[in-house]
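Below is one structure, written out as C-alpha cells, with a few remarks after it.
2 protein chains.
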Amino acid sequence: MKSGFLPSNRRDFLRSSASAAALGALLPGMSIPSSISGRRRSDVDGVIVFQGDSITDAGRSKDDQQANVPRSLGSGYVGLIAAQLLGESPSGELEIHNRGISGHKVFQLAERWQEDTVDLRPDVLSILIGVNDFWHTLSHNYEGTVEVYERDYRALLDTTREALPEVRLIIGEPFIVAGGTAIDDRWEAFGAYQGAAARIAKEYDATWIPYQRVFDEALDKAPATYWAPDGVHPSPAGNYLMAQAWLDAI
Amino acid sequence: MKSGFLPSNRRDFLRSSASAAALGALLPGMSIPSSISGRRRSDVDGVIVFQGDSITDAGRSKDDQQANVPRSLGSGYVGLIAAQLLGESPSGELEIHNRGISGHKVFQLAERWQEDTVDLRPDVLSILIGVNDFWHTLSHNYEGTVEVYERDYRALLDTTREALPEVRLIIGEPFIVAGGTAIDDRWEAFGAYQGAAARIAKEYDATWIPYQRVFDEALDKAPATYWAPDGVHPSPAGNYLMAQAWLDAI
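Residue numbers (our numbering), protein chains in the order written: chain A, 37 to 286; chain B, 37 to 286.
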C-alpha cells in the first residue's frame, strides 16, 4: 500500500493529463495503434452526456446527479460504458453524465434540454429515444404520431446544433426485442419510428448505433427473456450488448 | 439457472444456444468480444452469490432481490461482472445474486447467512468483507479486533463448508486506496486484517482476488480521487478494475 503520495503525485497527474490533452490538440486525427485497444478512445475525451428514457435512466439517482459516480450513472448500459471508458483510459479528461428519465418521449427531452443537456456543455451527446413515443400510443393514450416524433426530434437537434455547434452526436436506434412480454403484432408500426431515427442520424451527421440489429442477432443465442424480458428493458446481458455496440461504434 | 426461468422458450433456447456455440467454434472472431478469448467462463456456470458490505451492495434494490436483474445487482463491481458474464456467455445456466449490505462486518454476514447465502444454494460464493471491521473501530465505536474478525470469518466459512460442501469460494482482499479522504495514518493497522483474510483464503482453498495490489498499481496511472475518492468506495473506474480482477482470477 502506498501512503501519502497524493499531494506530490497530484501534480504529476495533472501535468501528464495536460500533456496528453496538448498532444491530442496537436495531433487531432492521430489514430491510436490497434495494439492499444483497437478503438479510437481519444475522440471521446471530454464531457459525455447520455440522454433518453428508462433504458438510459436505469435507476440512476435523481437526487445526486454527479458525473462519474456509480449511483448517478445507474445500472444500465450507461453505467457499463462509463466504467469501461473510465477504467481503461484513466486520462482524467472524461466526465460522464446520465440524464435519462424513465418514460420520456422526444417532446419531454425538449422540455428539459437546456438545463439537462446544453448547460452541461457536452463534447459528446448520446441520445436514445423513441420507444415510448410509440409504446405510449398503445398503453397511455398518447396521441403523438411518427410524424410528431420525427418533427420533434429534428427540432431538438436543430436546437442542439445551434447551442453546441461542435458537439459530436451519437444516436441510438430505438429497438424492441421480439418475444418480449410487452411486444405484440401492433409493434410492426414501430419500424417507422426506427426509420425516422435512422434518417435523422444520417442527416445530422450522427454516429448511429444499430441496436435493433444487435438484439436481432442476439436472439440467435438466447430468447428475449434473456436479453430483455419485456422486450423493451434490457437485462444485464442486454445492457452489456448495448455497451459493447456503443463502444464499438465510437 | 436451476429451474423454470425460461418457461416456454426453454427448449428453443437450449437448441439455439447449442448452435450458437457451434457457430462460435466455426467463426471464433465473429461479434464475440475479444475479452472472451483465453478465459474459461464455463466453470462459473450455476448460481453465483456475492456477499459483502457497501462496496458489494452498491445501491442494489433490497425490495426486489432478483437474480440477473440490473437494479437488484447494483451499480458496483457485481453489476459489471454480471453484465459481462451474462452478456458474453448466454448459456442460460448462470444465476447471479447480490446480497451485499452497506456497513456490514463479518458478524453481520453471519447473522443473515442462512437465508441470504446458504438458502440460495450457490455453486460459487464470492465474499468481500473486512473494511468496516476495522473502519468502524475508528468511526462507530465498534470494539471488534482483528482477532475477532479472523475468528468470525473462520466460523462463517466452517458453517459454509458444512452446509455447502461443494461450493467454490472466492475471497476478495479487503482494500483501501491510499490518498482517499477517509484514509489516514491509523489505517496502517488495517494490514493485519488483510493478512488474516489472505490466510483464511489459503486455508479454506478459496480463489483470492488481490484487490490491494490492483489499486496500488492503479495509483501509478491516476490518484485515489480517480479510483475511490474516499479511499474505500470505488468510482466507476475502480469498480471496473475490481470486475476485471475478479474475472481474471476465476
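Glycine included, every Cβ here is placed at the ideal spot set by N, Cα and C.
Note that this is a predicted model, so its numbers are computed, not measured.
Sequence-distant Cβ neighbours of Gly166 of chain A in its own chain, meaning closer than 6 angstroms and more than five residues away, are Pro210, Tyr229 and Ala233.
Each residue's CA atom was taken as its position, placing Asp266 of chain A and Asp220 of chain A some 11 angstroms apart.
Inter-residue distance for Thr92 of chain B and Arg148 of chain B is about 16 angstroms (C-alpha atoms, whole angstroms). Between Gly115 of chain B and Ser175 of chain A, the CB-CB gap reaches or exceeds 8 angstroms. Taking C-beta separations shorter than 8 angstroms and ignoring five residues to either side along the sequence, the partners of Ser138 of chain B in its chain run Asp89, Ser90 and Asp93, following chain order.
Between the stretch 246-261 of chain A and the stretch 271-282 of chain A, the count of C-beta pairs closer than 8 angstroms reaches three or more; the two stretches touch.
For Arg135 of chain A, there is no enclosing alpha helix (DSSP H), as DSSP marks it with neither H nor E. For Gln150 of chain B, there are no C-beta contacts with chain A under 7 angstroms, since the nearest C-beta of that chain is about 27 angstroms from it. Restricting attention to alpha helix (DSSP H) runs no shorter than 4 residues, the stretch 85-126 of chain B encloses them at 90-93, 106-109 and 113-124, ordered along the chain. In the three-state reduction of the DSSP assignment, Ser162 of chain B falls in the strand class, which pools E and B. By the neighbour-count criterion, in which a residue is buried when 16 or more other Cβ atoms sit within 10 angstroms of its Cβ, Arg222 of chain A is exposed.
With respect to the 8 angstroms criterion, Asn104 of chain A and Ile84 of chain A are not classified as neighbours on the basis of their beta carbons.
Of all residues in the stretch 249-262 of chain B, only Asp252, Leu255, Lys257, Ala258, Pro259, Ala260 and Tyr262 come within less than 7 angstroms of chain A when Cβ atoms are compared, listed by chain position. Residue-level contact check: Gly208 of chain A does not touch chain B, since none of the beta carbons of chain B fall below 8 angstroms from its beta carbon.
Contacts with chain A (Cβ-Cβ distance below 8 angstroms) from the stretch 130-163 of chain B involve Ile132, listed in chain order. The beta-carbon separation of Val213 of chain A and Trp263 of chain A, rounded to 5 angstroms, stays under the 8 angstroms limit for a contact.
Around the CB of Thr196 of chain B, 16 or more other CB atoms lie within 10 Å, so the residue is classed as buried. Among the CB atoms of chain A, one or more fall inside 8 angstroms of the CB of Arg107 of chain B. Counting only residues of its own chain and dropping the five nearest sequence neighbours on each side, Ala285 of chain B has a CB closer than 6 angstroms to the CB of Thr243 and Ile245.
Contact annotation for Asn275 of chain B against chain A: Pro106 and Ala119 [CB-CB distance below 7 angstroms, chain order]. Out of A:Gly95, A:Asp100, A:Gly128 and A:Arg107, the CA that lies nearest to the CA of Asp256 of chain B is found in A:Gly128. Asp100 of chain A places its beta carbon 8 angstroms or farther from that of Leu130 of chain A. For Thr173 of chain A, the enclosing alpha helix (DSSP H) stretches over residues Val167 to Ser175. The three-state reading of DSSP puts Thr195 of chain B in helix, counting H, G and I together. Excluding sequence positions up to five before and after Ala237 of chain A, its CB lies within less than 7 angstroms of the CB of Ile207 and Trp244, all in the same chain and listed in chain order. Excluding sequence positions up to five before and after Asn168 of chain B, its CB lies within less than 7 angstroms of the CB of Asp89, Gly139, His140 and Lys141, all in the same chain and listed in chain order. By the neighbour-count definition (other C-beta atoms within 10 Å, threshold 16), Glu186 of chain A is a buried residue.
Each residue's CA atom was taken as its position, placing Gly136 of chain A and Ala191 of chain B some 45 angstroms apart. Of the residues A:Gly227, A:Phe86 and A:Ala119, the one whose Cα lies closest to the Cα of Val182 of chain A is A:Gly227. Minimum Cα-Cα distance from Ala118 of chain A among the listed residues A:Thr153, A:Arg157 and A:Ser162 corresponds to A:Ser162.
Assigned with DSSP and collapsed to three states, Leu130 of chain B falls in strand. Not flagged as an interface residue toward chain B: Ser90 of chain A, since no C-beta distance is shorter than 8 angstroms.
Shown here, Leu277 of chain A sits in a helix according to DSSP, grouped into three states. Shown here, Arg249 of chain A sits in a helix according to DSSP, grouped into three states. Assignment of Val154 of chain B by DSSP, reduced to helix, strand and coil, places it in the helix class. With contacts defined by Cβ atoms closer than 8 angstroms, Pro158 of chain B and Leu200 of chain B form a contacting pair.
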